[in-house]
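Trainee: With the first letter of the sequence shown counted as 1, position 79 gets the number 958 in the numbering used here; the numbers rise by one all the way through.
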Amino acid sequence: MCNGLRSCTRQLSAWLLEAAPELFVLKCIAGWEDIVLFHIGRCARLEFGIKAAFYNPLVRETLWLEATMSSSLKDWLAEIPGVVWRNQQVVLYAISSEESQVLFVPRLDLHYHADEWLHSTNCDSDPMLFNCTLVEDTGFCVAADQILEQYAELFVNSVHPLIGASMRSLPRVVEWCFEIGEIVNNVSTGMVGVVAAIRDSGLEVNFADGLHVVGWAYCRKAFNVGTYVEITGEALSSRWFRWVHASDNGFLHLISQAVHESQYIELWGVHPNSVCAINPPNYGPIALNNGPSSSLAISEIPWKGVMVHIIKCRHCWCGKTGYVIDGIVAKDAVMKKEHLLFLVQLACYDPNVPFLFLWFWYFNLVEEDSWLPLNEARPITNNIEFIRGLVPNINVSQKRGRKRCAIEPPPQQRSVIPLLDPAEQSLSPAWNPSSPDPLSYWCLDRRLVGAKFRMLYNGLQITVLVKQGDSLDAIDCIRDDTSLGETLDLARVVVIHLRVRHYDMFLVISSEHCGKWVRSVQFHK
């Protein structure tokens, strides 16, 4: 009985043993089963009489061979690499049909014994044995017309020859959905057609050579990259919507329609028959899928062009600076109120990649110089008064217990230097002594503090850095391409102007855009 039970564990079904009495077990080296099977299928000759050869991935060092055994076949099997030898002979023994009367079946009904697993530490996990004659007495079972996808994958991945031959009659998978007019691909022939009708046994597909019925196991939906699809394999109450990113090995790679705060895109891999194509929604910005939004006119966008700091906690770009270039009115999913949402162009310059654009709420931005909310640093004018209700009425200075100082301009002082006679010519063209303004240079503009750029100094190109001096009023221009940190003589500084063949970024040193980086778009390489 023990020998019969041990032999039965190596079999896949009782029917196979009854139908193939000339069945032998060939012992192989562990991990070489597929190599031996490939060699038999590739190099076997017709006179050997080999009818079938297969192995079970769950049973190692074993390969089943259905053939008419002869001495020439044994000698040929001995030459195959990976076959086990013993006493100068191949380890090979026949299996009789009597050994198939008892099957070895493990107990897999974990749902029925769920309470036992939770409340008992000594759960009985021994397998149950039954006689195959009991199955014959009950007659044939009713054929299933549907199957779950997790069970269908077991049949598809099986290497058993009988299961591979029966894949033509695979029942319909519950999670799959098909509609008339969809484009499908027949994986067995590689042909593409349109679904004309849906039957119980498969799909009736209109190919180039006419109508053909294709089984469920060979039907694959065809999708283009960028198609907006709905995953129907989940429950009806928790369906997901994704975009097709790529197709690999019969599976679709989908990306989510919203970007996570960490700037990582969520990827999904699903079976193509588990999704259906639908019309994509008409989105505004990507981050605005939580509620309705309304765009603002270009003239109504407040604080456009203002440089801001990002103060959103735990955000990957927190502490960075950027420029407000667009704005809309959107509903916040957390506060359930309408607020202003701004599109910010980050000021992090990289010549190899374009500028990055991100959407931020009003309360996640502060003005660069004062570090105050935009409405406090630059109050809204009357022509866009309706936006005042969308701006939170929070005074950061009073909230922190500080009082804002009223900065008044100093009184205008009259110059004590006598005016020059217009008829006389000055020998100092850089500065008019009669002017009430002090002597200044373009590189001492406070808006250039922290900027690093190239310029001419004594006829040579050097890299300079504008930084804050020891006092609040002092601004120094130092040389940055050496370790000495030499303070430059501003009288010998010459600006490098834009030429036709310059495609790099340039720094604006005058006008209201002073301190901004620009690039020429007039010329092309």
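Ideal Cβ placement from N, Cα and C applies to all residues, glycine included.
Is M1046 helix, strand or coil by DSSP?
Mentor: Here M1046 sits in helix by DSSP.
Trainee: Work out the CA separation of R1333 and V1185 for me, nearest whole Å.
Mentor: Cα-Cα distance, rounded: 25 angstroms.
Trainee: Under DSSP, the alpha helix (DSSP H) around W955 begins and ends at which residues?
Mentor: Element bounds for W955: 950 to 957.
Trainee: For W1147 and L916, what's the separation of their Cα atoms in angstroms?
Mentor: Looking at the two C-alpha atoms, the distance is approximately 35 angstroms.
Trainee: Using alpha carbons as the reference points, say which of R1099, I1388, V1343 lies closest to D1368.
Mentor: When only C-alpha atoms are compared, the closest one is V1343.
Trainee: Decide if P1181 is buried, meaning its Cβ has at least 16 other Cβ atoms within 10 Å, or exposed.
Mentor: Classification of P1181: buried, given that the 10 Å Cβ count is 16 or more.
Trainee: State the start and end residues of the unbroken beta strand (DSSP E) segment that holds L1033.
Mentor: Unbroken run through L1033 is the alpha helix (DSSP H), 1028 to 1035; no beta strand (DSSP E).
Trainee: In terms of residues, what are the limits of the alpha helix (DSSP H) holding F1086?
Mentor: It is not in any alpha helix (DSSP H) - F1086 instead sits in the beta strand (DSSP E) that spans 1081 to 1086.
Trainee: For P1050, count the other beta carbons within 10 Å of its own beta carbon; 16 or more makes it buried, fewer makes it exposed. Which is it?
Mentor: Buried, because 16 or more other Cβ atoms sit within 10 Å of the Cβ of P1050.
Trainee: For the stretch 1026 to 1044 and the stretch 930 to 938, state whether three or more C-beta atom pairs, one from each stretch, are separated by less than 8 angstroms.
Mentor: Enough Cβ pairs lie closer than 8 angstroms, so yes.
Trainee: Thinking C922 and G961 are a contact (beta carbons under 8 angstroms), I'd like their distance in whole angstroms, please.
Mentor: The pair is not a contact, with the Cβ atoms about 13 angstroms apart (cut-off 8 angstroms).
Trainee: Below 8 angstroms on the Cβ atoms is my guess for A1096 versus I1062; work out the distance and round it to an integer in Å.
Mentor: Actually they do not touch by this definition, with Cβ atoms about 18 angstroms apart.
Trainee: Rounded to the nearest angstrom, what separates S950 and F1130 at their Cα positions?
Mentor: Going from the Cα of S950 to the Cα of F1130 covers about 47 angstroms.
Trainee: Does the stretch 1194 to 1209 come close enough to the stretch 1217 to 1224 that 3 or more CB-CB pairs lie under 8 angstroms?
Mentor: The stretch 1217 to 1224 is in contact with the stretch 1194 to 1209.
Trainee: When DSSP labels each residue in this structure, what does Q980 get in the three-state scheme?
Mentor: Bear in mind that the predicted position of Q980 carries a pLDDT of just 37, short of 50, making it too unreliable to give a figure here.
Trainee: Can you give the beta carbon distance from V1053 to E1028, rounded, assuming they're within the 8 angstroms contact cut?
Mentor: Contact holds; Cβ gap of about 7 angstroms.
Trainee: Alpha carbon to alpha carbon, how far is D1024 from T1068?
Mentor: Whole-angstrom Cα-Cα distance: 25 angstroms.
Trainee: Under the rule that 16 or more other beta-carbon atoms within 10 Å means buried, what is C1002, buried or exposed?
Mentor: In this predicted model, C1002 has a pLDDT of only 46, less than 50, meaning its place in the structure is not dependable; the value taken from the coordinates is given anyway. Exposed.
Trainee: K1100 bridges to which residues according to DSSP?
Mentor: Partner(s): V1063.
Trainee: How is the alpha helix (DSSP H) around G920 delimited, first residue to last?
Mentor: 912 to 922 is the extent of the alpha helix (DSSP H) around G920.
Trainee: Just reading off the alpha helix (DSSP H) that A1256 is part of, what are its end residues?
Mentor: That run of the alpha helix (DSSP H) goes 1253 to 1256.
Trainee: Since V1187 and G1201 are thought to touch, with beta carbons under 8 angstroms apart, how far apart are those beta carbons, to the nearest angstrom?
Mentor: About 6 angstroms separates the two Cβ atoms, so the contact holds.
Trainee: Grab me the residues of Q1340's own chain with a C-beta within less than 8 angstroms of its C-beta, minus the 5 sequence neighbours each way, in chain order.
Mentor: R1333, M1334, I1375, listed in sequence order.
Trainee: With F903 as the anchor, note down where its beta strand (DSSP E) starts and where it stops.
Mentor: Looking at the DSSP string, the run of the beta strand (DSSP E) that includes F903 is 902 to 906.
Trainee: Consult DSSP for N1169 and reduce its assignment to one of helix, strand or coil.
Mentor: With a pLDDT of 42 at N1169, under the threshold of 50, the modelled position of this residue cannot be trusted; read the value that follows with caution. Reduced to three states, the DSSP call for N1169 is coil.
Trainee: Tell me which residue opens and which closes the beta strand (DSSP E) that F933 is part of.
Mentor: Looking at the DSSP string, the run of the beta strand (DSSP E) that includes F933 is 929 to 933.
Trainee: Does DSSP put F1057 in a helix, a strand or coil?
Mentor: Correct three-state label for F1057: coil.
Trainee: V1073: which of L1082, D1079, G1060, V1066 sits nearest, CA to CA?
Mentor: The residue with the shortest Cα to Cα distance from V1073 is G1060.
Trainee: Applying the 10 Å Cβ sphere with the 16-neighbour rule, what's the burial state of C1322?
Mentor: C1322 should be labelled buried.
Trainee: What is the DSSP secondary structure of L1369, counted as helix, strand or coil?
Mentor: Here L1369 sits in helix by DSSP.
Trainee: Going by DSSP, what residue range makes up the beta strand (DSSP E) through C1155?
Mentor: Counting along the chain, the beta strand (DSSP E) containing C1155 begins and ends at 1154 to 1156.
Trainee: Quick one: grab the DSSP three-state call for F1239.
Mentor: Strand at F1239.
Trainee: Would C1227 pass as a contact of L1237 if the rule is Cβ separation under 9 angstroms?
Mentor: Against a cut-off of 9 angstroms, the Cβ pair of L1237 and C1227 comes out as no contact.
Trainee: With distance defined between alpha-carbon atoms, name the residue in N1337, L1269, E1255, P1252 nearest to K1216.
Mentor: Measuring from the Cα of K1216, the nearest candidate turns out to be L1269.
Trainee: Can you check whether the CB of C1056 is closer than 9 angstroms to the CB of L1082?
Mentor: No, these two residues do not count as a Cβ contact at 9 angstroms.
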